[in-house]
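Scroll down for the structure; my scribbles are underneath it.
Number of protein chains: 2
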Amino acid sequence: MATIDVPEQVSVLADAEALRKACKGWGTDEKAIISVLGHRNAVQRKQIRLAYEDLYQEDLIKRLESELSGDFEKAVYRWILDPADRDAVLANVAIKKLSPDHHVIVEISCTRSPEELLAVRRAYQARYKHSLEEDVAAHTKGDTRKLLVALVSAFRYDGEEINTRVANSEAKILHEAVKDKEFNHEDIIRILSTRSKMQLMATFNRYRDDHGTTITKNLEGDSGDEFLKALRTTIRCLNDPKKYFEKVLRNSIRRVGTDEDALTRVIVTRAEKDLKDIKELYHKRNSVPLDQAVAKDTTGDYKALLLTLLGKED
Amino acid sequence: MATIDVPEQVSVLADAEALRKACKGWGTDEKAIISVLGHRNAVQRKQIRLAYEDLYQEDLIKRLESELSGDFEKAVYRWILDPADRDAVLANVAIKKLSPDHHVIVEISCTRSPEELLAVRRAYQARYKHSLEEDVAAHTKGDTRKLLVALVSAFRYDGEEINTRVANSEAKILHEAVKDKEFNHEDIIRILSTRSKMQLMATFNRYRDDHGTTITKNLEGDSGDEFLKALRTTIRCLNDPKKYFEKVLRNSIRRVGTDEDALTRVIVTRAEKDLKDIKELYHKRNSVPLDQAVAKDTTGDYKALLLTLLGKED
């Protein structure tokens with residue numbers, strides 16, 4: 340379930356005019372920007388951008404970038420983009436870092452639906468004139484590269500049909516490899532990057548039934564091993580994305596110095612999807628409501644936007 | 340340029356009726372089937388199937404399969420399918436063979452456009468409830484698996500922009516690996532499976548300029564090495580698909596005992612695309628027109644269908 344609160348009637352023209360007014364003149368009316376954009380879904384935000392361009396011969400995104408700054412600017416920019424285009428931007432930022440954020444690549448490739456991931460790959464090409472897998476491959480190496488390239492290239496079967504025989508045999512293959520600490524075994528990468536999510540869930544369940552422990556537990560080890568870390572993230576994203584997102588939020592808030600990038604990323608990418616469920620998980624796990632935790636860790640317009648996206652009344 | 344000859348005016352209903360008549364009663368009128376289907380493009384063939392189903396509550400493809408037999412049946416079946424669905428069938432047949440036909444997988448993944456390959460992956464899932472890469476991975480192994488899975492999963496950038504600096508550096512990487520006979524070097528697979536076709540052409544050209552010989556020449560070696568064979572096929576398909584198809588046709592005809600599967604495959608998959616150009620290359624290379632060579636090596640209705648698809652007057 341989504342958290343954003345969208346009114347039944349929306350006038351795209353009135354929204355464009357309100358945004359223009361908020362940006363015009365000396366100083367910017369951030370509250371007005373939040374009260375419009377924070378209550379519009381992806382389709383409406385796109386229409387607002389088109390209407391704005393039509394009315395004022397100016398790119399709304401560029402205008403907002405020039406008016407705003409800091410974490411608030413970043414969050415508005417990520418929020419206003421089409422979901423696929425936003426993921427393309429997030430992936431590109433993650434890849435181009437001096438030390439690439441592998442978990443962002445894993446997150447985008449494993450928590451989006453197969454069709455959504457295709458849309459991201461299309462958007463990536465339109466924006467960067469390269470394929471996503473090409474840039475991932477060029478900026479990573481070794482086993483991590485093998486895993487990440489396979490994950491971003493996947494177009495998994497998205498149906499219900501599973502094969503119990505395959506689940507049994509692949510749970511066994513995974514266990515053998517894990518037991519022998521052959522974490523980079525090519526079958527592990529093959530299974531995780533090609534099987535459907537339903538099939539993988541059956542395989543992970545079988546693993547737990549047979550061995551009394553989850554595969555992620557068995558993969559704990561050297562926390563400095565980037566491949567192993569990416570592998571664990573992969574399994575968590577495939578197996579239970581909501582639980583994974585809860586943990587990302589928890590870590591982003593719990594840190595000394597909030598990790599705004601992670602916090603913004605999860606809130607803007609899930610607000611129209613399943614942030615309500617993630618909020619519940621968070622509350623249960625941390626004994627404090629997510630909006631309260633976010634409010635405590637952030638300030639100003641940035642805080643106001645996040646809370647709006649989290650569904651808090653203005 | 341295509342070879343098939345499609346009349347300006349087509350009545351889908353009349354076509355469905357003609358096919359019904361050809362199938363009805365004792366004996367089948369194969370000539371009538373060829374004279375309709377051999378002159379209709381993919382969109383029209385689909386409309387004919389829909390009209391036939393509407394009129395007679397019967398699946399035209401199933402009916403034709405029950406009426407026809409041998410190479411002719413196979414060729415009609417492959418021809419009548421939507422191109423993406425046909426490729427899905429060809430890929431599945433190739434994978435499920437006791438000793439999989441790797442070159443068919445390479446051919447489909449490297450000679451189709453990025454968007455066409457996506458359509459094949461979609462069609463494959465609809466038909467087989469698995470992803471294409473999943474089945475390829477489950478039926479191959481070792482380096483060949485690495486290469487094939489990467490190729491079928493690719494969604495290459497399809498634009499014109501190339502990077503000369505990358506072409507130079509990657510021509511060098513390829514040459515180093517080839518020189519050291521490290522044919523399974525992960526950079527070779529990465530480059531061939533992620534770069535755009537335009538970029539790869541620039542890289543191959545640079546390779547030739549720097550070393551006075553083509554990379555495929557440098558990859559000749561042990562003809563029993565299946566990985567090396569797949570690698571050469573990959574480069575040929577990416578670099579010059581028409582030349583590649585000419586060679587497949589040449590080999591299929593030249594063999595003692597024609598390779599009907601290859602002959603049918605190239606003719607049905609290229610007849611609406613570039614078979615005219617491939618015919619010209621064939622004529623030039625073999626000093627005999629392709630239709631003459633096909634006519635000499637085939638018989639009966641099968642021969643009549645192939646020649647029709649090759650654009651010969653009935």
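Residue numbers (my numbering), protein chains in the order written: chain Z, 340 to 653; chain S, 340 to 653.
Quick reminder that beta carbons are idealized off the backbone N, C-alpha and C, glycines included.
Note that the structure is a prediction, hence the values are computed from the model and not measured.
Classify residue 348 of chain S as helix, strand or coil using the three-state DSSP reduction.
coil
So for residue 573 of chain Z, helix, strand or coil by DSSP?
It is helical.
Answer with yes or no whether the minimum CB distance from residue 633 of chain S to chain Z is below 9 Å.
no
Assign residue 388 of chain S to one of two classes, buried (16 or more other C-beta atoms within 10 Å of its C-beta) or exposed (fewer than that).
buried
Pairing CB atoms from the stretch 594-609 of chain S with CB atoms from the stretch 565-579 of chain S, are three or more of them under 8 Å?
no
Selection of the stretch 504-533 of chain S by Cβ proximity to chain Z, strictly under 7 Å:
529, 533
What are the residues in the stretch 458-473 of chain Z lying within 7 Å of chain S by C-beta distance?
460, 464, 468, 469, 470, 472, 473
Relative to the C-alpha of residue 358 of chain S, which residue among S/350, S/371, S/364, S/349 is closest?
S/371
Host alpha helix (DSSP H) of residue 407 of chain S (start-end)
Note, residue 407 of chain S: premise wrong, no alpha helix (DSSP H); not H, not E.
Name the chain Z residues whose beta carbon is nearer than 8 Å to that of residue 492 of chain S?
Within chain Z, the residues whose beta carbon sits less than 8 Å from that of residue 492 of chain S are 472, 489, 492, 493, 494, listed in sequence order.
Given a threshold of 16 other Cβ atoms within 10 Å of its Cβ, counted over all protein chains shown, does residue 459 of chain S qualify as buried or as exposed?
By the neighbour-count rule (16 or more Cβ atoms within 10 Å), residue 459 of chain S is buried.
At 8 Å on the CB atoms, spell out the chain S contacts of residue 500 of chain Z, in chain order.
468
Across the stretch 482-499 of chain S and the stretch 451-468 of chain S, are there enough close Cβ pairs to call them in contact, namely three or more that are closer than 8 Å?
yes
To the nearest angstrom, report how far apart residue 531 of chain S and residue 641 of chain Z are at their CA atoms.
44 Å
Would you call the stretch 397-417 of chain Z and the stretch 626-644 of chain Z touching, i.e. three or more CB-CB distances under 8 Å?
A contact exists between the stretch 397-417 of chain Z and the stretch 626-644 of chain Z.
If you follow the alpha helix (DSSP H) that residue 543 of chain S is in, where does it begin and where does it stop?
536-550
Restricting to Cα atoms, I'd like to know which of S/579, S/355, S/561 is closest to residue 379 of chain S.
When each option's Cα is compared against that of residue 379 of chain S, the closest is S/355.
From Z/582, Z/510, Z/563, Z/588, pick the residue whose C-alpha is nearest to that of residue 550 of chain Z; which is it?
Z/510
Thinking C-alpha only, which one of S/548, S/578, S/362, S/345 is nearest residue 540 of chain S?
S/578
Determine the direct distance from the alpha carbon of residue 489 of chain Z to that of residue 443 of chain S, and round the result to whole angstroms.
21 Å
With distances taken from CA atoms, which of S/533, S/646, S/386, S/393 is nearest residue 470 of chain Z?
Distance check between residue 470 of chain Z and each of S/533, S/646, S/386, S/393 places S/533 closest, using alpha-carbon atoms only.
Residue environment, residue 418 of chain Z, which counts as buried when at least 16 other CB atoms sit within 10 Å:
buried
Cβ of residue 497 of chain S within 9 Å of any chain Z Cβ:
yes
Hey, does residue 476 of chain Z have any beta-carbon neighbour from chain S nearer than 9 Å?
yes
Return the Cβ separation of residue 528 of chain Z and residue 480 of chain Z in integer angstroms, given the expectation that the two are a contact with Cβ distance under 8 Å.
15 Å between Cβ atoms; not a contact.
With a threshold of 9 Å between beta-carbons, can residue 651 of chain Z be considered close to chain S, or not?
no
Alpha helix (DSSP H) containing residue 639 of chain Z: first to last residue?
639-648
Quick check: residue 505 of chain Z and residue 487 of chain Z, are their CB atoms within less than 9 Å of each other?
no
Integer Cβ distance of residue 620 of chain S from residue 649 of chain S, believed to fall under 8 Å:
About 14 Å separates the two Cβ atoms, so there is no contact after all.
Do residue 571 of chain S and residue 587 of chain S have their beta-carbon atoms positioned less than 9 Å apart in this structure?
no
Nearest CA to the CA of residue 518 of chain Z: which residue from Z/558, Z/393, Z/482, Z/438?
Z/558
Residue 352 of chain S classed as buried or exposed, judged by whether at least 16 other C-beta atoms fall within 10 angstroms
exposed
For residue 449 of chain Z versus residue 346 of chain Z, is the C-beta spacing smaller than 9 Å?
no
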